[in-house]
Amino acid sequence: MRNKRPRLIRRGLFFVWTVLDSAMTIAADMNLFFARLIALLIMTPFFSCAVLFWKDASNSSGGTWKGNDRFIEIQTEFQRKSSWYPLNQNALTRNYSTTLLLHKIAGESSTSSEKIAHYSGWTLNDTLFLAGSSLIAIRGTSNSLGDENRELLSVSLKEGTVSDASVILKPDAFLLAAVPSPDGKWIAAFLTDATNEKRTGNLFVDFYEFRGSSSLQKKSRVTVQWSGVPGNPELSWSRDSQGLYLHVESAVLYLTAGGSTARNADRFPACFIPTSSGRNISESGLFFGRSQEGQVEIRKTNEGIRFDAIPMVNNINDLGKGCP
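Number 321 in this note's numbering belongs to position 317 of the sequence shown; there are no gaps in the numbering.
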């Protein structure tokens, strides 16, 4: 009869080895768990509030002067929090809304401020203009500031009243800009089929007659070849509101309002300022801004210029001379 003791010993050793191996695996997993837990507890005081909770925030996004004694400011409100990923320094944002504030200016100080409009979404600097007795603004409709989801709004400008915003244009392409003529009767909308990811495409200029605070009638579209899309070329309406100039590549084009073609311009403005409104600096040179603490700051600069006083030139090398 064979001795069974060696077989029993081998089975016993295998059992012990299996138990020890399982115990070591569990211990390693627990050590990894506890290591992560300890790291989380150590880092929690530094980022927990910023990561876990949405916080209300706001900033001033520029605006437009109305004469030399009124400024219409874009105030952007939103919620933000830090990303969970520690190497991502970009804050997460959501729930954008915009308030338009009318400031009355005397000298170099603001004497009073009132809300004249409020709407959901964001509006970037250089996209708010006066158009007759109305304001027009591009509104972004997503939680990504500056992306392609945009539409055009109109707001009736009435002091002492909070006006509703009306959507007057839902574009069929990426809306880069919408600039009214100096007399407020035309709006030139600049669109492209390029995107921030696909940076080649066409530039379209659509001319609309602006009829009151909530009515647009499209008159024409001009397609312009320009390699800078989805950026916008330098542009300037003519003083008489009959057309606009585009500085593209090494040429200046003239587009007649309501026309369907572009031609090389023989004469053009020395300074490419889009229209008679839409700047942070008034014609007399007053600059509107805010301090880091959020206080209104108005100061005198030498960058003021009257739109109807911009000189005309016929040499492209003279562009920018004498401009603010």
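Using N, Cα and C, we set each Cβ at its ideal position, and we do this for glycine too.
- Taken in chain order, the complete beta strand (DSSP E) segments of 3 or more residues contained in the segment 201–225 are 207–214.
- In the structure shown, the three-state DSSP call for F291 is strand.
- Counting C-beta atoms within 10 angstroms of its own C-beta, E301 has fewer than 16 neighbours from the protein chains shown and is therefore classed as exposed.
- Of the candidates N319, I320, N318, I314, I314 places its Cα closest to the Cα of G326.
- Taking C-alpha positions only, N268 is separated from I140 by approximately 29 Å.
- Looking only at A61, E77, K119, D73, the smallest Cα-Cα distance to K85 is reached by A61.
- Rounded to whole angstroms, A177 and K202 show a C-alpha spacing of 13 Å.
- Taken in chain order, the unbroken stretches of beta strand (DSSP E) that lie wholly in the segment 129–169 and span 3 residues or more are 132–135, 138–144, 154–160.
- For W126, the beta-bridge partners assigned by DSSP are G144.
- Per the coordinates, the alpha-carbon of G298 lies some 19 Å from the alpha-carbon of K304.
- Contact between L96 and K119 fails: their C-beta atoms lie close to 27 Å from each other, not under 8 Å.
- The residue from R74, G308, D312 with its alpha-carbon nearest to that of S116 is R74.
- Linking S64 to G150 through their CA atoms gives a straight-line distance of about 15 Å.
- Contact between the segment 273–281 and the segment 201–219 is absent, with fewer than three C-beta pairs closer than 8 Å.
- As summarised for the segment 76–109, there are no continuous beta strand (DSSP E) elements at least 3 residues long confined to that stretch.
- Contact check for L195 and I142: beta-carbon distance about 11 Å, past the 8 Å limit, so the pair fails to qualify.
- In terms of CA proximity to A121, Q79 leads the group S113, Q79, E112.
- Taking C-beta atoms under 8 Å as the contact rule, P186 and T279 qualify, at a distance of about 6 Å.
- Counting along the chain, E238 sits inside the beta strand (DSSP E) bounded by residues 238–241.
- When beta bridges are read from the DSSP output, T68 appears opposite I76.
- In the DSSP assignment, A182 forms a beta bridge with A193.
- Three or more beta-carbon pairs separated by less than 8 Å link the segment 121–131 to the segment 150–168, which places the two stretches in contact.
- Put simply, the backbone Cα of V228 is about 13 Å away from that of G263.
- A residue is called buried when at least 16 other Cβ atoms come within 10 angstroms of its Cβ; L56 does not meet this threshold and is exposed.
- CA-CA distance, A255 to N236, rounds to 15 Å.
- In the three-state scheme derived from DSSP, where H, G and I count as helix and E and B as strand, F272 is classed as strand.
- Ranked by Cα distance from L248, the first of V233, E287, V183 is V183.
- Bounds of the beta strand (DSSP E) holding I302 are 300–304.
- The C-alpha of N284 lies about 18 Å from the C-alpha of S138.
- By the neighbour-count criterion, in which a residue is buried when 16 or more other Cβ atoms sit within 10 angstroms of its Cβ, E163 is exposed.
- With a 10 Å radius around the Cβ and a threshold of 16 neighbouring Cβ atoms, R154 comes out buried.
- For A313, the secondary structure class from DSSP, reduced to helix, strand or coil, is helix.
- Secondary structure note for L257: its beta strand (DSSP E) is the uninterrupted segment 255–260.
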